[in-house]
Amino acid sequence: MKAICPRLFVYGTLLDSANSYGAYLQQHCTLLQTGKFRGRLYDAGEYPAAIIDTNINQYVQGSIYLMDEPGKILSFIDDYEGFGDDQEQPNLFVRELTTIETGLGMIECWVYVYNLPVDGFLLIKSGNYKL
C-alpha cells in the first residue's frame, strides 16, 4: 500500500483555532512552515476559494502542517471541505497533491481547491485570507 503524503497546506478558515476543525488540526498536526502556490484566492463569503493556476504570477499564501495520522485527518477534513463520493456532487472542494513553494525549496502537500465556478467572488489580490 502506498504511503499517504503527510503534509497539508492550509490557507483559509482551517488556520483559525476558534474553528473546531482548525483546532483539530492544531491538536493533531505540527506546523512546519509557511508557503505558497501559484493561483488565485477568492472571497466566497464564509470561506476563501483557491484555484491553482501555474500560468500566472499570483500566489495563494498559507501554512504547511505535518499530520500525525494522515489518513484519519484527511478523512475528517474531507467532510468539512465537502469532498468525497458521499458529499454533494459536484464537490465544493477537491483535495489535490500540489507543489508548494517555501523558503527552503519546493514541497509536495495536499491542498483543498475550489471546484465550482468563482463568478461573482471578489479576488483577494494579496493571496492571503488572514489579512
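Numbered per this note's numbering, the sequence shown spans residues -4 to 126.
C-beta atoms are modelled at their ideal positions from N, C-alpha and C, and glycine is treated no differently.
* **beta strand (DSSP E) segment containing L26, residue limits** => Taking the first residue of the sequence shown as position 1, residue 26 is located at position 31. First-last of the beta strand (DSSP E) with L26: 24 to 38.
* To do: Below 8 Å on the Cβ atoms is my guess for Q28 versus I72; work out the distance and round it to an integer in Å.
  => Walking along the sequence shown from the start, residue 28 turns up at place 33. Walking along the sequence shown from the start, residue 72 turns up at place 77. Actually they are not in contact, since the Cβ atoms of Q28 and I72 sit about 19 Å apart, beyond 8 Å.
* Asked: DSSP on F71, reduced to helix/strand/coil?
  -> Locating residue 71 in the sequence shown gives position 76, counting from the first residue. It is helical.
* In whole angstroms, what separates the C-alpha of A18 from that of V113? -> For the purposes of this step, residue 18 is taken as the residue at position 23 of the sequence shown. For the purposes of this step, residue 113 is taken as the residue at position 118 of the sequence shown. So the alpha carbons of these two residues sit roughly 28 Å apart.
* With 16 as the cutoff for other CB atoms within 10 Å, does M62 come out buried or exposed? -> Numbered from its first residue, the sequence shown carries residue 62 at position 67. Counting Cβ neighbours within 10 Å, M62 comes out buried, since at least 16 surround it.
* Do you know whose CA, among E83, G100, M101, E76, lies nearest R90's CA? -> The count along the sequence shown starts at 1 and reaches residue 90 at position 95. Answer by Cα proximity: E76.
* Quick one: using the 10 Å Cβ neighbour count with 16 as the cut-off for buried, is Y117 buried or exposed? => As a working mapping, residue 117 is identified with position 122 in the sequence shown. Reading off the sequence, residue 117 comes out as Leu, not Tyr. Exposed.
* Asked: Less than 7 Å separating the beta-carbons of L69 and C0?
  -> As a first step, residue 69 is located in the sequence shown; it is residue number 74 there, counting from the start. As a first step, residue 0 is located in the sequence shown; it is residue number 5 there, counting from the start. For L69 and C0, no; Cβs fall outside 7 Å.
* **Backbone secondary structure at S15 - three-state DSSP** => Counting from one through the sequence shown, the residue named residue 15 turns up at place 20. Here S15 sits in helix by DSSP.
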